[in-house]
Each structure stands twice: as structure tokens, then as C-alpha cells.
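As C-alpha cells, the structure follows; a few thoughts come after it.
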Amino acid sequence: MGCCFSDSSDKDGEEPYSSTNERARLLPEPTSSGQSGPSYNTQSQRNAQKLDEPSALEKILHKTVRKIIDVSPGETVEQQEYNDRAHQYGIKINMILSGSSKIRTSRPPLPNGMAAPQIVLSSAPVSLADIQLITLSAEKASQAVGKVRVQHKEDLVVPFGVP
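Under my numbering, the first residue of the sequence shown carries the number 21, and numbering increases by one thereafter.
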């Protein structure tokens, strides 16, 4: 768990990031020297360091939390629960739209046989050129079917000479 830049062949004997290695303390440890000289403010400095260490750790924690991206899977919904929610949603929409026939006539409902409407709704819309091509092809097919005429030349059922 060392520094990835450390090299055992450093000739200086001094690591390039010696102040920020894995064993370095976040806050300096209070010095415990046996000097009996004037010790003004030493107790308040120790209290301040005790208060600073948790606040420094809290800041580090908050910075880390802000940088973490949660990639855990979201809430999974079972198929039955999904169907129940879809049914309830449909009922609510029908209740809302029951009073306004204008909205209902302007937007056709989804087909009943649609197994996964989210796939259809999330796909790219059909282009105008494709719609015009389909419309033109349908009109030509309709005209061709309208022009088909059957001329009766023979009987469709031919009796076999049964005695």
C-alpha cells in the first residue's frame, strides 16, 4: 500500500512524497517534552488539536463522499409488482382523462398487445420520409386491389362422371 511513485533505487534516501505517505498523520501529534518552562496555552492547544482532528476527518469524509459515484443497482421491481403499478397508473390516467374527451381523441392509446411499451417509446421516432413512403405504398396497393377483376370462364366445380 505504498506510494506508486516510490522507487527503491532513490539515491537521496528521501522519498519524493515523504510527507504524505500512508503512515503520515493527518494532524501533528502533540509534543510531550519534559520541559518545566512556561506552558501557557498548551492545554488550549491540545483541546484545539483534539477538536481539529475530528473536523479535519469530517472534511476528508465529506470530500470523499462528494467524489464517490454510486453504481449499485437501483431498486429492483418484480414482474407482478411492475404489472400492478402499470395497471394502477393506467387507472389513474383513465380517471384524469375521463372528463376531457379532447385529449383522448387527440392521442391514440398504445396497442393492447404491447408486451414492453418502454422499448417502443424509447426508440427513435419514425421519420417523415418513411411515413410518406408507407402511405404512398398503401395507396398504390389499395388502387391495385381495386382494379383486380375476375372473369368467369369455367365452372369452378367440375363434376366427375360418377355413374
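Glycine included, C-beta positions come from ideal geometry on N, C-alpha and C.
A quick note: this is a predicted structure, and the numbers were derived from the prediction, not measured.
Check                                                                                      : Outcome
Residue span of the alpha helix (DSSP H) that contains Q171, given as start and end        : Taken as a continuous stretch (DSSP letters only), Q171 belongs to no alpha helix (DSSP H), as it is neither H nor E.
G181 (DSSP reduced to helix, strand or coil)                                               : coil
C-alpha gap between Y102 and P137, whole angstroms                                         : 13 Å
Cutoff 8 Å; reference V97; Cβ partners in own chain excluding five residues on either side : R105
Span of the alpha helix (DSSP H), counted from its first residue to its last, around L176  : First-last for L176: undefined, no H or E at that position.
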